[in-house]
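For the sequence shown, our numbering gives the first residue as 189, with consecutive numbering after it. We treat Cβ as the ideally placed atom computed from N, Cα and C, and that holds for glycine.
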Amino acid sequence: MQRWQQRLLAIIIVLLVIVLGFDVSLYHAIQYEPSELAVNYRNIKDDKIPTSMNDVSILYFTDLQYGKFEDKERCDRVFAKIKELNPDILIFGGDVLDTNTTFDTKTQKYIQKKFKEIQAPLGKFAVWGEKDQSHKTELKKIYKKAQVEVLDNRQVSLYNGSSSGIRLIGLSSTSGISSATQKLSSQTFNLLVCHEPDILVDSSLASKHISLAWAGHSHGTQITFPLIGPYKTVSGASKLNRSHSTDLSFDYDISTGVGCTNLDVRYGAKPEINYYILKK
């Protein structure tokens, strides 16, 4: 075999390996990854965290998207993992249901039961997602019965047996930034949660003494190709997302969420929940 033939054969073999590898990963993205669930563990270390809040755990998850794809089996798995982790504080980042999901009495009772089963002795909180707007009345009742406090452009203090604590701010829109961040102290650890990450790039937040922010919404676009990036741009996550970061005056985490919408596919954006431990 001549040298050029050897090179051609080598190129063909490499291309076949690449194609085969892509086919295998794509098969996994369709058949398995949507049902998988990663748990990301992270310590949050800050001198502003009081001693009484040291080692307090916070579980943050978002974009449940219960409905066509995130069915009862998957949803049960998510909440079973949350119960197993047994966090001190639970924070949900919005979008309980997927688009066009029938929110009948049976479904409402199921969702209520899932949230109520989580103990979280230091509090359970939620912010609104854009898909929650269609069922806001029902969700308010569900959250109330499940002891979940909705932070709609407002803030609360979180304590653990002491008068010293941290502040939790829930943002629903940029129009609520002023009212939600009133009188935040630079001496306090201030945790901000919103649904759409583009809210975080609003310039007015730069002076609000935010310590850390969490958002979700885009699911990491669900499909993120190596080198190429996300297959589409999601409104509300076009300026800031898992593939497009920017320098802000505070740290932030953007979650891929747990559910699927439009397509039951997860490629390069595995479903996840985030488990944080506060450290003095």
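Practice task
Compare the C-alpha of K365 against each of Y347, D441, L388 and name the closest.
Solution key: Looking up residue 365 in the sequence shown gives position 177. Before going further, note that residue 365 is Ile rather than Lys in the sequence given. The residue with the shortest Cα to Cα distance from I365 is L388.
Exercise for the section: Identify, in the order they occur along the chain, each residue of the same chain with its Cβ nearer than 7 Å to the Cβ of Y229, setting aside the five sequence neighbours on each side. Expected result: Looking up residue 229 in the sequence shown gives position 41. Same-chain partners within the cutoff: Y463.
Exercise for the section: Can you give me the Cβ contacts of T449 inside the same chain, cut-off strictly under 6 Å, excluding the 5 residues immediately before and after it? Expected result: Counted from its first residue, the sequence shown places residue 449 at position 261. Once the five neighbours on either side are set aside, the close Cβ partners of T449 are Q253, D286.
Exercise for the section: Taking all protein chains shown into account, decide if Q410 is buried (16 or more other Cβ within 10 angstroms of its Cβ) or exposed. Expected result: Position 222 of the sequence shown, counted from the start, is the residue given in the question as residue 410. Flag for Q410 reads buried.
Exercise for the section: Please specify which runs of the beta strand (DSSP E), each continuous and at least 3 residues long, are wholly inside the region 229-305, giving them in chain order. Expected result: 245-249, 277-280
Problem - Cα-Cα separation between Q307 and L278, rounded to whole angstroms - result: Residue mapping note: residue 307 aligns to position 119 of the sequence shown, counting from 1. Residue mapping note: residue 278 aligns to position 90 of the sequence shown, counting from 1. Roughly 9 Å separates the two Cα atoms.
Exercise for the section: Could you name each continuous beta strand (DSSP E) segment of 3 residues or more that falls completely within the region 362-386, going from the start of the chain to the end? Expected result: 378-382
Problem - First through last residue of the beta strand (DSSP E) which encompasses Y464 - result: Translated into the one-based positions of the sequence shown, residue 464 becomes position 276. Where Y464 is concerned, the enclosing beta strand (DSSP E) stretches over 460-467.
Handout entry: Residues sharing a beta bridge with F438, DSSP
Key = The residue labelled residue 438 in the question sits at position 250 within the sequence shown. Looking at the DSSP assignment, F438 forms no beta bridge with any residue, so it has no partner.
Handout entry: Buried versus exposed, by CB contacts within 10 Å (16 or more), D243
Key = Residue numbering aside, residue 243 sits at position 55 when the sequence shown is read from its first letter. Exposed, because fewer than 16 other Cβ atoms sit within 10 Å of the Cβ of D243.
Problem - Whole-angstrom C-beta distance between D259 and D320, which should lie under 8 Å - result: Taking the first residue of the sequence shown as 1, we reach residue 320 at position 132. Taking the first residue of the sequence shown as 1, we reach residue 259 at position 71. No, D320 and D259 are not in contact; Cβ-Cβ is about 19 Å, not under 8 Å.
Handout entry: Residue of D234, K256, G349 minimising C-alpha distance to V453
Key = Taking the sequence shown and counting its residues from 1, one reaches residue 453 at position 265. It is K256.
Practice task
Determine the DSSP secondary structure at T449, reduced to helix, strand or coil.
Solution key: Start at 1 with the first residue of the sequence shown, and residue 449 comes out as number 261. Coil, per DSSP.
Handout entry: Given G447 as reference, the closest of D441, K458, F438 once Cα atoms are compared
Key = Within the sequence shown, the letter at position 259 stands for residue 447. Per the Cα distances, K458.
Practice task
Assuming A334 and F303 form a contact by the criterion Cβ under 8 Å, report the distance between their Cβ atoms to the nearest whole angstrom.
Solution key: Residue 334 sits at position 146 when you count from the first residue of the sequence shown. Residue 303 sits at position 115 when you count from the first residue of the sequence shown. Going by Cβ atoms, the distance from A334 to F303 rounds to 4 Å, so yes, they are a contact pair.
Handout entry: Unbroken beta strand (DSSP E) run spanning Y455, endpoints
Key = Residue mapping note: residue 455 aligns to position 267 of the sequence shown, counting from 1. Premise fails: Y455 is in no beta strand (DSSP E) and is neither H nor E.
Practice task
Taking 7 Å as the cut-off, decide whether the C-beta atoms of S360 and N341 are in contact.
Solution key: Numbered from 1 along the sequence shown, position 172 holds the residue referred to as residue 360. Numbered from 1 along the sequence shown, position 153 holds the residue referred to as residue 341. Contact: yes.
Practice task
Under the assumption that I354 contacts L380 (Cβ atoms under 8 Å), give the Cβ distance between them as a whole number of angstroms.
Solution key: As a position in the sequence shown, residue 354 is number 166, starting the count at 1. As a position in the sequence shown, residue 380 is number 192, starting the count at 1. 11 Å between Cβ atoms; not a contact.
Practice task
Identify the continuous beta strand (DSSP E) that holds Y347 and give its terminal residues.
Solution key: For the purposes of this step, residue 347 is taken as residue 159 along the sequence shown, with counting starting at 1. 342-347 is the span of the beta strand (DSSP E), which, as asked, contains Y347.
Exercise for the section: May I ask you to list the residues that DSSP assigns as paired with K312? Expected result: In the sequence shown, counting from the first residue as 1, residue 312 sits at position 124. K312 is bridged to L278.
Problem - Assigned secondary structure, V389 (DSSP; H/G/I helix, E/B strand, else coil) - result: Numbered from its first residue, the sequence shown carries residue 389 at position 201. In the structure shown, V389 sits in a helix (DSSP, three-state: H, G or I).
Exercise for the section: Tell me whether L356 sits in a helix, a strand or coil according to DSSP, three-state version. Expected result: For the purposes of this step, residue 356 is taken as the residue at position 168 of the sequence shown. In the structure shown, L356 sits in a strand (DSSP, three-state: E or B).
Exercise for the section: Following the continuous beta strand (DSSP E) through L400, name the residue where it begins and the one where it ends. Expected result: Numbered from 1 along the sequence shown, position 212 holds the residue referred to as residue 400. Its beta strand (DSSP E) spans residues 400-403.
Practice task
Compute the beta-carbon to beta-carbon distance between S245 and D264, rounded to the nearest angstrom, for a pair I have assumed lies under 8 Å.
Solution key: Within the sequence shown, residue 245 is the residue found at index 57, counting from 1. Within the sequence shown, residue 264 is the residue found at index 76, counting from 1. Between D264 and S245 the Cβ distance is about 22 Å, and since that is not below 8 Å, they are no contact.
Problem - C-alpha gap between L372 and D251, whole angstroms - result: In the sequence shown, the residue the question calls residue 372 occupies position 184. In the sequence shown, the residue the question calls residue 251 occupies position 63. Going by the C-alpha atoms only, they are around 28 Å apart.
Problem - Alpha-carbon to alpha-carbon, L451 and T362 - result: Taking the first residue of the sequence shown as position 1, residue 362 is located at position 174. Taking the first residue of the sequence shown as position 1, residue 451 is located at position 263. Whole-angstrom Cα-Cα distance: 29 Å.
Handout entry: Supposed contact pair I442 and P385 - C-beta distance, whole angstroms, cut 8 Å
Key = Your numbering for residue 385 matches position 197 in the sequence shown. Your numbering for residue 442 matches position 254 in the sequence shown. About 5 Å separates the two Cβ atoms, so the contact holds.
Exercise for the section: Determine the extent of the alpha helix (DSSP H) in which T325 is found, giving its start and end residues. Expected result: Residue numbering aside, residue 325 sits at position 137 when the sequence shown is read from its first letter. Counting along the chain, the alpha helix (DSSP H) containing T325 begins and ends at 324-333.
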